[in-house]
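Student:
Numbering (this note's numbering), first residue to last: 652 to 908.
(1) On the CB-based measure, 16 or more other CB atoms within 10 Å of its CB, does residue 781 come out buried or exposed?
(2) Ordered along the chain, which non-local residues of its own chain (more than five positions away) have a Cβ less than 7 angstroms from that of residue 810?
(3) In three-state DSSP terms, what is residue 688?
(4) Could you check whether residue 743 and residue 722 sit closer than 8 angstroms to each other, using their CB atoms as the reference points?
(5) Per DSSP, what kind of secondary structure is residue 748 in: helix, strand or coil?
(6) If you run the structure through DSSP and keep just helix, strand and coil, what is residue 674?
(7) Using 8 angstroms as the threshold, is the region 847-866 in touch with the region 695-702, meaning 3 or more CB pairs across them?
(8) Once you ignore the five residues that flank residue 878 on each side, which residues in its own chain have a CB closer than 7 angstroms to its CB?
(9) Identify every run of the alpha helix (DSSP H) within the region 738-787, keeping only runs that are complete inside it and at least 4 residues long; order them along the chain.
(10) Just reading off the alpha helix (DSSP H) that residue 697 is part of, what are its end residues?
(11) So, are the CB atoms of residue 666 and residue 840 less than 8 angstroms apart?
(12) Taking 8 angstroms as the threshold (C-beta atoms), are residue 705 and residue 729 in contact?
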């Protein structure tokens with residue numbers, strides 16, 4: 652096992668120890684995973700939950716039911732997710748791909764060879780690499796590691812640096828360091844998201860970080876804080892010495908001849 656492989660696995664174990672199993676993706680079936688993966692683009696999951704609830708209430712959370720909606724009707728149902736007109740077009744584009752390439756059969760789509768399925772998803776309007784890999788991992792149970800902004804932020808701070816700062820390079824870093832297992836990839840991604848929200852925020856909360864002992868950034872911030880304390884202690888010692896000298900000088904002045 653290489654040093655990088657060992658570090659990637661060590662981070663996973665530390666995150667599991669801190670946060671426990673996450674049990675992602677929260678959905679009642681693969682189509683809900685797919686819809687959620689598209690709706691979560693550029694918004695918080697709480698907004699997605701509201702949109703999904705609307706779809707469920709309308710009985711529209713299936714390929715057949717969603718096909719029966721107009722773009723305007725679908726957009727209104729998913730309004731809470733933000734960018735709802737654009738996302739409605741993306742959902743309808745997915746259904747068009749499903750109909751054209753897989754005769755409208757979701758099970759056939761999800762059973763397609765992994766590379767064929769990924770190409771079909773990436774060729775669909777509104778589905779980029781991250782969204783495609785979410786669908787592959789959580790709906791099709793295919794082993795593709797999902798890379799998002801949280802992944803880049805967390806692992807850059809830890810000191811991981813792929814040759815290029817691209818989606819594919821980051822993905823290779825994980826896929827070459829871990830057993831190729833969809834459940835493992837899905838769980839790792841969920842743990843990274845939880846950790847980024849809990850501690851590795853835009854302004855990191857290093858004092859509560861499960862990875863502080865192995866993080867270049869965290870260790871650096873700790874060292875800076877330690878250096879500042881040393882400087883402060885030294886300044887306090889200087890002040891104490893000045894007081895001591897002044898007191899000694901005063902005693903010299905009043906000492907009897």
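All C-beta atoms, glycine included, are put in the ideal place defined by N, C-alpha and C.
Tutor: The answer reads as follows:
(1) Label assigned to residue 781: buried.
(2) 867
(3) helix
(4) yes
(5) Helix at residue 748.
(6) coil
(7) no
(8) Note that residue 878 scores 44 on pLDDT, short of 50, meaning its location in the model is unreliable; the coordinates nonetheless yield the value given after this. Result list for residue 878: empty, nothing under 7 angstroms.
(9) 757-761, 765-773
(10) Residue 697 -> alpha helix (DSSP H) spans 696-708.
(11) no
(12) yes
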